[in-house]
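Notes follow the structure.
Residue numbers (the working numbering), protein chains in the order written: chain A, 1 to 169; chain B, 170 to 304.
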């Protein structure tokens with residue numbers, strides 16, 4: 001009887017955690033995960049506006065992608081661009097998507113998530129010690145997974161094992 | 170009757186295992202033989218090692234060498250500039266290396282351009298895979 005009760009309690013907890021859901025939509029397209037996840041975590045498209053993804057996915061940009069050649073076949077390129085723009089900031093549902101979209105001035109197409117005002121505000125000195133971005137465990141601002149253990153599952157909030165403070169202990 | 174069958178089966182299985190260990194992977198062999206047809210000559214593991222370890226100046230400034238990302242030895246885990254780990258390049262450590270022609274062509278295309286500032290030749294690709302297959 002006690003075991004049953006405990007199980008029920010456990011299920012209830014799991015269900016409420018799930019109901020909370022990821023704050024950011026999980027990137028589930030296998031082609032995008034594979035091709036845009038080879039050198040770094042595949043970033044969720046809602047962190048940049050569609051015009052940024054369009055620019056990044058131009059062939060002449062892809063061969064010099066942040067100092068590296070990330071070229072794709074034309075078929076892959078068009079499919080990935082379509083996915084990214086269809087799930088971009090302001091297009092994907094949810095709070096983070098809307099906040100990113102609102103933060104980027106309309107005439108700008110930043111290629112870095114880490115240069116959007118929304119990202120910078122969430123990672124301002126005081127929230128994050130700027131020196132931590134250079135620490136050997138992190139290496140780069142773009143290494144989201146170093147601090148957000150659930151980043152590839154769309155989990156960036158302050159709870160559970162995704163918690164930055166938990167990680168630092 | 171039944172016994173001979175079992176023996177024959179076991180023998181065939183053992184043979185197939187030995188064959189696999191020797192001949193390597195059929196997809197990788199196919200990739201190498203296609204490259205050989207293009208290159209004309211034989212491949213050299215020694216030249217493959219030189220390509221892997223040399224520093225170049227013709228490519229992008231952050232990536233002077235294959236070892237910039239793949240680590241100093243084919244046996245070690247590498248790391249991209251964004252901090253993601255890369256499985257070792259040696260076939261003995263990562264069994265499915267150089268078995269998918271599209272993957273192989275995609276990454277030679279990108280990485281030779283990033284490091285050397287040009288495409289690699291069939292000779293260079295064959296040398297590289299030959300070296301890594303013996304590691």
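Beta carbons are placed, not taken as given, at the ideal position from N, Cα and C, and that holds for glycine.
For residue i: DSSP bridge partner residues
i                      : result
residue 248 of chain B : B:254
residue 68 of chain A  : A:65
Buried/exposed call for residue i, threshold 16 Cβ in 10 Å
i                      : result
residue 105 of chain A : exposed
residue 246 of chain B : exposed
residue 269 of chain B : exposed
residue 107 of chain A : exposed
residue 72 of chain A  : buried
residue 197 of chain B : buried
residue 44 of chain A  : buried
residue 254 of chain B : exposed
residue 303 of chain B : exposed
residue 92 of chain A  : buried
residue 125 of chain A : exposed
residue 67 of chain A  : exposed
Residues near residue i in its chain [Cβ-Cβ closer than 6 Å; skip 5 each side]
i                      : result
residue 232 of chain B : 283, 284
residue 266 of chain B : 260
residue 192 of chain B : Confidence is the limiting factor: at residue 192 of chain B the pLDDT is only 49, short of 50, which leaves the residue's position unreliable and the question unanswerable from this model.
Any C-beta of chain A under 7 Å from that of residue i
i                      : result
residue 294 of chain B : no
residue 251 of chain B : yes
residue 287 of chain B : no
residue 191 of chain B : For residue 191 of chain B, the predicted structure reports a pLDDT of 41, less than 50, and the residue's modelled location is therefore unreliable. A value from the coordinates is still provided. It does not; no Cβ of chain A falls within 7 Å.
residue 179 of chain B : Only weak support is given to the placement of residue 179 of chain B: the predicted model assigns it a pLDDT of 46, under 50, and the value that follows is read from those uncertain coordinates. No, residue 179 of chain B lies away from the interface with chain A (no Cβ there is under 7 Å from its Cβ).
residue 266 of chain B : no
residue 224 of chain B : no
residue 269 of chain B : no
residue 205 of chain B : no
residue 229 of chain B : yes
residue 279 of chain B : yes
Beta-carbon proximity of residue i to residue j, cut-off 7 Å
i                      : j                      : result
residue 49 of chain A  : residue 88 of chain A  : yes
residue 26 of chain A  : residue 154 of chain A : yes
residue 24 of chain A  : residue 96 of chain A  : yes
residue 101 of chain A : residue 251 of chain B : no
residue 238 of chain B : residue 249 of chain B : yes
Own chain, CB closer than 7 Å to residue i, minus 5 neighbours either side, in chain order
i                      : result
residue 207 of chain B : 291
residue 146 of chain A : 137, 138
residue 69 of chain A  : 63
residue 293 of chain B : 220
residue 111 of chain A : 52, 55, 56
residue 295 of chain B : 201, 204, 205, 208, 212
residue 300 of chain B : 214, 217, 218, 221
residue 79 of chain A  : 31
residue 85 of chain A  : 50, 53, 54
residue 103 of chain A : 116, 117, 118
residue 42 of chain A  : 27, 32, 33, 36
residue 98 of chain A  : 90
Chain B within 7 Å of residue i, Cβ atoms only
i                      : result
residue 142 of chain A : yes
residue 69 of chain A  : yes
residue 123 of chain A : no
residue 139 of chain A : yes
residue 87 of chain A  : no
residue 36 of chain A  : no
residue 147 of chain A : no
residue 65 of chain A  : no
residue 40 of chain A  : yes
Cβ neighbours of residue i in the same chain (closer than 8 Å, five flanking residues each side left out)
i                      : result
residue 288 of chain B : 277, 278, 281, 282
residue 286 of chain B : 225, 227, 228, 229
residue 151 of chain A : 41, 144, 145, 162
residue 243 of chain B : 221, 257, 258, 259, 262, 300, 301, 304
CB contact check: residue i to chain D, cutoff 7 Å
i                      : result
residue 282 of chain B : Looking for chain D here will not work: the only protein chains present are A and B.
Any non-hydrogen atom of the ligand SAM within 6 Å of residue i CB
i                     : result
residue 40 of chain A : You won't find the ligand SAM in this model; it holds no ligand whatsoever.
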